[in-house]
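Note that our numbering has the sequence shown beginning at 102, numbered continuously upward.
Report on the structure given below.
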Amino acid sequence: MSHPTRLDPATQPDAIRRAAQRLADGQLVALPTETVYGLGARSDDDAAVARIFAAKGRPSDHPLIVHVADAQAAEAFAAELPPVARRLMGRFWPGPLTVIVPRREGIGKASAGGQDTIGLRCPDHPVALALLREALTLGVPGVSAPSANRFGRVSPTRADHVESEFETEDLLVLDGGPCEVGIESAIVDCSRGAPVLLRPGRLTRDELAEVAGEPIAWSRPEAPDPNAPRASGTLLAHYAPRAKVHLMDGSALVRALDDLIPVLMVGQHHVPRVAVYSRTAWAHRGGQPGVVFKVMSVQATTAAHDLFADLRDMDALGVEQIWVEAPPPDAAWDGVRDRLGRAAAA
102 MSHPTRLDPA TQPDAIRRAA QRLADGQLVA LPTETVYGLG ARSDDDAAVA RIFAAKGRPS
162 DHPLIVHVAD AQAAEAFAAE LPPVARRLMG RFWPGPLTVI VPRREGIGKA SAGGQDTIGL
222 RCPDHPVALA LLREALTLGV PGVSAPSANR FGRVSPTRAD HVESEFETED LLVLDGGPCE
282 VGIESAIVDC SRGAPVLLRP GRLTRDELAE VAGEPIAWSR PEAPDPNAPR ASGTLLAHYA
342 PRAKVHLMDG SALVRALDDL IPVLMVGQHH VPRVAVYSRT AWAHRGGQPG VVFKVMSVQA
402 TTAAHDLFAD LRDMDALGVE QIWVEAPPPD AAWDGVRDRL GRAAAA
């Protein structure tokens, strides 16, 4: 079995240079960001970008986000940067925010999924920024990088997650440690005049609107904006483990456990069949045959940080189902709620 090549910039001084050269040569590099690990290729080379779609099994019309070293580098891909986009970039870049703007003709068509708009982001991770800056010196204006996992599956937040997704020695993985944020960036469409939130992240809509200087509408998964450009990670079903995810409130979760446990106690269950991911229900149950409990943090930022790693850990147990206590309605939980809702829809 082949494995990707992992490089640690903290201990291998040539890691960034080697990775940048691979990008310049049109090859793939997995890189850490503060949100999740991305599978990157140079954005100005449609053939290189096609390798991302092939490796992930991702439809070629589902756009990618272009990662750039700074706002100046973004201008290579933007026909224009609307004032609201500039305000958001000025406050939240580097950071977990993607802006969608009109695409400059002749560049980034494959990354944009053929659209005349493009998503741009400047990541807030020292390894990602060092790579983008080094690549820029080699003529690479930006790096297209969706999450480094098979299409529709749980995003990776550690280098070993990436290695488990791609069993090929052709892939180079830069190890930047665990991702700080843990869920993907917020995406704000700035291409049609009034800004629209297409995907929530750690940044709340109120935080974004305060900087934008105007209200920000929200294209929710259950009522999507039909005129919005397609954007990364906004399909109804996404971020899914192999086990079926079920969302329910805390009281419904406890009732479901009361019904399930007597059934499980009838037989022998050496491998748990159900994983319970909850802020509260675990406190009402001890060890039960066929059930494994994992605690979800009561803090939204910590829950976001842990979410994808916890889903992967529960999936690795071989459970058939993952029962998740629905997040609170607070705005701080919008990003976590969005990811779990899409996982449950898969």
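We put the beta carbon where it would ideally sit given N, CA and C, even for glycine.
None of the values given here were measured: they were computed from a predicted structure.
- Between Pro105 and Val244 a beta carbon distance of about 17 Å is seen, past the 8 Å cut, so the two are scored as non-contacting.
- Collapsing the DSSP output to three states places Val375 in a strand.
- Residue pairing by DSSP puts Ser248 in a beta bridge opposite Gly139.
- Judged by their CB atoms, Trp424 and Ala329 are not nearer to each other than the 8 Å cut-off.
- According to the DSSP secondary-structure assignment, Val200 is paired through a beta bridge with Leu221 and Val289.
- Nearest neighbour of Pro390 by Cα position, chosen from Val375, Ala116 and Ala433, turns out to be Val375.
- Distances from the CA of Leu129 to each of Ala236, Arg205 and Pro224 were compared; the closest alpha carbon is that of Ala236.
- Residue nearest to Gly196 within the set Phe409, Val282, Thr335 and Ala324 is Val282 (criterion: CA-CA distance).
- The three-state secondary structure of Glu268, taken from DSSP, is coil.
- Closest by C-alpha distance to Val169, out of His347, Val241 and Ala427, is Val241.
- Here Ile208 carries a coil assignment [DSSP, helix/strand/coil].
- Rounded to the nearest angstrom, the gap between the Cα atoms of Asp171 and Val346 is 38 Å.
- In summary, Val393 is buried, with 16 or more beta-carbon neighbours lying within 10 Å of its beta-carbon over all protein chains present.
- Around the CB of Arg251, fewer than 16 other CB atoms lie within 10 Å, so the residue is classed as exposed.
- In this structure, the alpha-carbon of Glu308 lies about 34 Å from that of Gly207.
- DSSP, read as helix, strand or coil, puts Ala295 in coil.
- Thr106 is bridged by DSSP to Leu273.
- Cβ contact annotation for Val437 (same chain, cutoff 8 Å, sequence separation greater than five): Ile284, Ala401, Ala404, Ala405, Leu408 and Pro428, in chain order.
- Remark: C-beta atoms of Cys280 and Thr305 do not approach each other more closely than 8 Å.
- Below 8 Å, too few C-beta pairs join the stretch 178–192 and the stretch 146–166 to call them touching: fewer than three.
- Here Ala260 is buried, its C-beta having at least 16 other C-beta atoms within 10 Å.
- Shown here, Gln113 sits in coil according to DSSP, grouped into three states, outside any helix or strand.
- The C-alpha of Ala211 is placed about 33 Å away from the C-alpha of Asp411.
- The Cβ atoms of Glu421 and Met349 lie no closer than 8 Å to each other.
- The stretch 132–140 makes contact with the stretch 219–226: 3 or more CB pairs, one atom from each, lie closer than 8 Å.
- Annotation for Leu441: the continuous alpha helix (DSSP H) segment containing it runs Asp435 to Ala446.
- Annotated three-state conformation of Leu132 is strand, per DSSP.
- Boundaries for His163: no alpha helix (DSSP H) harbours it, and the DSSP string shows neither H nor E there.
- For Phe193, no beta strand (DSSP E) run applies; the uninterrupted alpha helix (DSSP H) run containing it begins and ends at Pro184 to Phe193, by DSSP.
- CA-to-CA, the gap between Ala125 and Arg380 works out to about 46 Å.
- In the three-state reduction of the DSSP assignment, His406 falls in the helix class.
- Straight-line measurement puts the Cα of Asp416 at about 19 Å from the Cα of Leu361.
- By the C-beta density criterion, Arg413 is buried, having at least 16 other C-beta atoms within 10 angstroms.
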